[in-house]
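Novice:
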Amino acid sequence: MSMVGLYVPGTSALYRMTAGTKLLVLLVVVTVLLVLRDPWVSLSAAVAAPSLYAVFGLGGHLWRAFRPVLLFLVLIAAFHCLFTGWETAVRVCSQLAAAVLLAGLVTRTTPVTEMLDLFERLARPLRFAGVRPDRVALVLALTIRCVPMVAGAWTASREAYLARGLSGGAHRMVVPVIVNLLRSAEALGEAMSARGMD
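Encoded structure:
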């Protein structure tokens, strides 16, 4: 299993870093960008982040990491240019772009099992409050698994929709997608109950 289907096997130095180290570096960098509130520092980080993809052998995945947020960045930039000024637009969009690209590096170089092990270790102190770390890891694993499952349900419904020669808005596929997801959730619940998981 990969982190939301994004893990890319590799052997560069970034792969040899632990999940905790990568998440800590990500947290520090994003925090520094937010605290400094300097548009040029943020822009420099946003410009430097793509080069890291090439350095660590992930240049082909740069566009895939950036494409999902491109429209949001354009809308945010337009809003800030109209109401708060271009410097704020540069700062906010650069911060978001840098954070997304750096987070993409973490997910593409960290197996989901390693990430879940980290979360389970971090949750161990909560045992004193009655929290079971293994259940925390299980919930996170199921959450991560559901992301590609939703995408798969949408793709299957769309293919069936087109195969029947139907046309119209995407809203017509919402009900079939929900039905497929409910069936999958029910099957998952039955499988967990059969294994003694309450």
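Going left to right, the sequence shown walks through residues 55 to 252 as my numbering numbers them.
Heads up, the beta-carbon is just placed ideally off N, CA and C, and yes, glycines get one too.
1) Confirm, please, whether the CB-CB distance from residue 103 to residue 60 is below 8 Å.
2) Look at the Cβ atom of residue 73, then the Cβ atom of residue 138, and state whether they are nearer than 8 Å.
3) Which residues bound the alpha helix (DSSP H) around residue 171?
4) I believe residue 112 touches residue 162 by the beta-carbon criterion, under 8 Å. Please report the beta-carbon distance rounded to the nearest angstrom.
5) Per DSSP, what kind of secondary structure is residue 68 in: helix, strand or coil?
6) So residue 145 is in the alpha helix (DSSP H); what residue range does that whole segment cover?
7) Would DSSP call residue 210 helix, strand or coil?
8) Using CA coordinates, which residue listed in 237, 131, 170 is at the minimum distance from residue 187?
9) If you draw a straight line from the alpha carbon of residue 100 to that of residue 215, how long is it in whole angstroms?
10) Report the three-state DSSP secondary structure of residue 60 (helix, strand or coil).
11) Kindly list the residues whose CB is nearer than 7 Å to the CB of residue 106, restricted to its own chain and excluding five residues on each side of it in sequence; keep chain order.
12) List in chain order: all unbroken alpha helix (DSSP H) runs of 4+ residues lying wholly within the segment 96–145.
13) Assign residue 57 to buried or exposed, taking buried as 16 or more other Cβ atoms, counted over all protein chains shown, within 10 Å of its Cβ.
14) Hey, residue 145 and residue 91: beta-carbon distance below 8 Å or not?
15) Which residues mark the beginning and the end of the alpha helix (DSSP H) in which residue 183 is found?
16) To the nearest angstrom, how far is it from the Cα of residue 235 to the Cα of residue 192?
Specialist: In brief:
1) no
2) no
3) 166–177
4) 6 Å
5) helix
6) 140–163
7) helix
8) 170
9) 40 Å
10) coil
11) 159
12) 116–137
13) Interpretation of residue 57 is limited by its pLDDT of 43, a score under 50 that renders its predicted location unreliable; no figure is taken from the coordinates.
14) yes
15) Here residue 183 belongs to no alpha helix (DSSP H), and DSSP marks it neither H nor E.
16) 19 Å
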